[in-house]
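Below is one structure, written out as structure tokens, with a few remarks after it.
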Amino acid sequence: MADKAPASKNYRDIAQGFGVCTLAVIFLYLMSGMNAVSLREMPLSVLMTVFTTACVYYVTRAFVSTSKKFLSLVSAVPVFAIYMLIFTLSFKAVNRATLSCISIMENVMLWGGLGTVLVCVTVLIAAHKFEAKDAVTAVLCAGFVLRAGMVVFTPLNFWQHDVSNFSEDQAGFHDTYILYIYNNMALPSGDVRDLGQFYHPPLHYLLSALFLKIHTLLPTRFAGNINGLKFLPMLWTSYFILFAKKTLEWFKIEGKALAISLALIVFCPQMIFLAIQVNNDALALMLFAASFFLALKWYSKPELATVLFLAIAIGCAMMTKLSMGFVALPVAWLFLAKLVKIVKEPVESKAQKAAHKGRIKDLIKQFAVFAVTVFPLGLWFPLKNLITYGTPITYVFEIDSSAGQDVWMYSAWQRLFAPSKELLSAPFLQEGGSLNDFNIPLAIVKTGLFDERRFTDPYLVFVAKVLVILAFVLVLIVSVCAVYGTCKRIKESGKRPENIAFWILAAALILPEILFCFKHPVVCTQSFRYIVPVLIPSAFWCGSIVKMQGGASKAMSKVITAVTVLFVIAVTMFYGVFAQYSGPWEALIR
């Protein structure tokens with residue numbers, strides 16, 4: 247019973263997290279839909295009610311005891327006044343803006359949401375009742391508001407990859423893949439080598455087409471809004487963060503360490519991009535994170551149900567994007583480590599010998615169940631194409647050399663270690679012109695911060711340069727934490743297999759990406775979106791150091807905390823004001 251209680255609590259916590267994420271995205275979807283059909287007064291009123299309730303709750307908790315209920319109402323008045331000031335400033339900012347895509351509701355949601363988080367944190371600190379769990383909540387809420395702002399106020403044709411204009415007239419794009427399934431209730435036929443992005447496995451596109459079908463059941467003005475598709479990746483990114491959080495908590499990363507670790511994930515700008523991109527990346531990454539978490543859970547307590555969920559998660563990840571199968575490398579390591587550990591267990595009596603053999607047989611049965619589940623789920627689509635059309639299982643759509651992205655002429659040394667001064671001075675990815683970003687690490691950092699977009703506004707350029715510097719400092723910090731922290735953790739806790747699994751996970755993402763960049767030497771293959779799950783081991787390594795006390799760990803903890811806070815502020819300064827700019831989109835981004 248003692249073992250079942252923590253397990254059931256863990257499942258309950260996950261279910262609650264999924265519920266909160268789902269309800270929040272549904273709420274955002276409904277608010278956006280009402281805003282689109284000129285019902286702005288209603289979403290504004292609801293947003294004001296939600297945010298004000300949050301303020302009242304935290305003020306009450308900070309300053310008023312349960313025996314003084316009357317004073318709780320009085321204490322909320324100054325906070326409500328501050329909150330109304332935020333709304334007033336938002337309205338004025340909208341009146342000054344010339345962006346046609348910006349409305350009052352989006353500005354209130356963005357600035358009212360971030361303002362609410364700031365007010366709640368401030369009153370708790372002022373009352374000396376600010377706890378580590380409040381920091382975690384603030385990080386999650388502020389990150390959700392930033393992603394929600396991007397989803398709601400950004401047109402569907404921005405921040406996308408390989409997406410056309412949502413018309414079946416143009417085949418071979420992610421959006422037309424969705425529309426084909428939506429209109430024909432069938433997968434595309436033909437050799438995928440002639441169909442552009444249709445070579446991807448179909449799970450994401452099936453779910454998106456199903457969402458559009460459900461969309462049509464809503465009132466006409468809702469159903470006609472194709473922008474609703476943006477809320478699916480918003481949901482997947484929220485789930486990704488949830489699984490990352492559960493993975494960190496599994497290793498007892500709690501309190502301040504958890505807040506700092508989550509901030510590195512939640513405020514990574516790539517999470518903001520993924521929340522709006524209607525391609526298959528967000529779902530694939532969420533399933534990748536779920537697979538790794540389930541693998542750790544299985545290792546601590548091997549059960550048939552857990553290994554079955556693990557197989558389904560990996561199979562669905564591969565049915566979304568075949569490259570997500572690399573998660574099988576750390577999973578295979580954990581399988582092998584558990585098998586070796588059980589085999590090496592000392593056996594003294596006949597009864598123990600029989601039980602020992604039974605445990606080994608049970609483990610082998612679980613491996614068999616895993617195999618017969620994951621391989622059909624993950625490989626049926628590429629095998630179908632191989633058998634029917636002779637398409638290689640690892641086929642990837644080739645980039646046309648006329649796109650001007652070729653970097654094959656640079657040496658391996660240049661591409662790995664020696665970026666030019668011109669590339670270092672340009673904070674945004676350079677492609678398709680006289681200068682292409684050929685250095686893989688630099689391009690990955692740039693795409694992690696700004697995707698493949700370039701901004702021209704002086705303020706954004708300045709903040710972008712600061713972000714690039716902070717990002718490289720964080721990369722250096724993560725590298726040090728990975729080596730120092732792992733050695734110290736293994737020495738203290740003895741969790742060698744689980745700690746090594748993080749290294750294998752990082753290697754399984756980074757090394758194939760480097761090989762992929764050399765095999766396909768074009769700028770767009772050098773993208774952080776292909777290795778986003780590396781944020782999980784990075785956050786774990788940093789969080790582990792913050793958690794440690796004394797000596798070098800304490801000094802490193804202060805450095806990690808300071809740099810992370812600066813990074814969060816810089817990201818908010820860049821993406822928080824992006825929607826408020828009073829110039830046309832074309833003047834800011836190209």
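Each residue of the sequence shown is one higher than the last, beginning at 247 in my numbering.
Each residue gets a CB set at the ideal place from its N, CA and C atoms; glycine is no exception.
(request) Consult DSSP for Asp697 and reduce its assignment to one of helix, strand or coil. (result) coil
(request) Determine the DSSP secondary structure at Asp848, reduced to helix, strand or coil. (result) Nothing in the structure corresponds to residue 848, since the chain is present only between 247 and 836.
(message) Short of 8 Å in beta carbon distance, which residues of its chain neighbour Glu644, apart from the five on each side in sequence? Order them along the chain.
(response) Same-chain partners within the cutoff: His766.
(request) Can you have a look at Pro837 and say buried or exposed, based on whether 16 or more other CB atoms are within 10 angstroms of its CB? (result) As displayed, the chain neither begins before 247 nor continues past 836, which places residue 837 out of reach and without an answer.
(request) Report yes if the C-beta of Leu540 is less than 7 Å from at least one heavy atom of the ligand GTP; otherwise report no. (result) As far as ligands go, the structure on display features none, and thus does not contain the ligand GTP.
(request) Measure the C-alpha to C-alpha separation of Ser634 and Ala530 and round it to an integer number of angstroms. (result) Reading the sequence as shown, one finds Thr at residue 634 and not Ser. Roughly 25 Å between the two C-alpha positions.
(message) Here's the rule I'm using: 16 or more other beta-carbon atoms within 10 Å means buried, otherwise exposed. How should Phe489 be labelled?
(response) buried
(message) Just verifying my parser: in three-state terms, what is the DSSP assignment at Val811?
(response) helix
(request) Round the Cβ separation of Val724 and Ser784 to the nearest angstrom and send it over; I've been treating them as touching at under 8 Å. (result) 5 Å
(request) Please look up how many angstroms separate the CB atoms of Asn682 and Val653, rounded, as I've assumed it's under 8 Å. (result) That belief holds up - the Cβ atoms of Asn682 and Val653 are roughly 5 Å apart, short of 8 Å.
(request) Could you tell me the distance, in whole angstroms, from the CA atom of Ala394 to the CA atom of Ala717? (result) Cα-Cα distance, rounded: 23 Å.
(request) Give the secondary structure of Val409 by DSSP, where H, G and I count as helix, E and B as strand, and everything else as coil. (result) coil
(message) Given a cut-off of 8 Å on the beta-carbon distance, is the pair Tyr730 and Phe477 in contact?
(response) no
(request) Would you kindly work out how many angstroms separate the C-alpha atoms of Met564 and Leu688, rounded to a whole number? (result) 28 Å
(request) Label Ala536 either buried or exposed according to how many other C-beta atoms from any shown protein chain fall within 10 Å of its C-beta, with 16 as the threshold for buried. (result) buried
(message) Considering only the alpha carbon of each residue, which of Leu554, Leu494, Ala521 and Val524 lies closest to Leu510?
(response) From the listed residues Leu554, Leu494, Ala521 and Val524, the smallest Cα separation to Leu510 is found for Leu494.
(request) Compute the distance between the beta-carbons of Ala455 and Leu575, then report whether it is under 8 Å. (result) no
(request) Mind the definition here: the stretch 607-614 touches the stretch 660-671 only if three or more C-beta pairs lie below 8 Å; say whether that holds. (result) no
(request) Please classify Val768: does DSSP put it in a helix, a strand, or coil? (result) strand
(message) Taking a contact to mean a Cβ-Cβ separation below 8 Å, would you say Met573 touches Phe534 in this structure?
(response) The sequence given here has Val at residue 573, not Met. Yes; because the gap between Cβ atoms is below 8 Å, this pair is in contact.
(request) Determine which residues share a DSSP beta bridge with Asp652 and list them. (result) Residue pairing for Asp652: DSSP places it in a beta bridge opposite Val768.
(request) Determine the contact status of His602 and Glu594, defining contact as a CB-CB distance below 8 Å. (result) The Cβ atoms of His602 and Glu594 lie no closer than 8 Å to each other.
(message) For Phe749 and Ile560, I'd like the C-alpha separation in whole angstroms.
(response) The identity of residue 749 in the sequence shown is Trp, whereas the question assumes Phe. About 19 Å.
(request) For Gln598, name the three-state secondary structure that DSSP assigns. (result) In the three-state scheme derived from DSSP, where H, G and I count as helix and E and B as strand, Gln598 is classed as helix.
(request) Reducing DSSP to helix, strand and coil, say where Val283 ends up. (result) Any reading at Val283 needs caution, since the residue's pLDDT is 43, under 50, leaving its predicted position unreliable; the model's value is listed next. It is coil, neither helix nor strand.
(request) Using three-state DSSP, classify Ile348 as helix, strand or coil. (result) Because Ile348 sits at a pLDDT of 45, beneath the cut-off of 50, its placement in the model cannot be relied upon, and the following sentence gives the value as read from the coordinates. In this structure, Ile348 counts as coil in the three-state DSSP scheme.
(request) Could you tell me which of Ile760, Pro628, Thr640 and Trp496 sits nearest to Pro745, measuring between CA atoms? (result) Reading off the sequence shown, one finds Asn at residue 745, where the question assumed Pro. Measuring from the Cα of Asn745, the nearest candidate turns out to be Trp496.
(message) Using the Cβ count rule (16 or more neighbours within 10 Å means buried), how would you classify Gln651?
(response) buried
(request) Go ahead and pull the three-state DSSP assignment for Ile499. (result) Three-state result, Ile499: coil.
(message) Less than 6 Å between C-beta atoms, sequence neighbours within five positions excluded: which residues of the same chain meet that for Val363?
(response) Ala384, Cys387 and Ala388
(request) Please list, in chain order, all residues of the same chain as Lys492 whose beta carbon is under 7 Å from its beta carbon, the five residues on each side excluded. (result) Ile260 and Phe539
(message) On the CB-based measure, 16 or more other CB atoms within 10 Å of its CB, does Ala614 come out buried or exposed?
(response) exposed
(message) By alpha-carbon positions, which one of Pro447, Asp440 and Gly442 ends up nearest to Leu433?
(response) Pro447
(request) Buried or exposed for Asp860, please, with buried defined as at least 16 other CB atoms from any protein chain shown within 10 angstroms of its CB. (result) Because the chain spans 247 through 836 in this model, residue 860 falls outside it and cannot be assessed.
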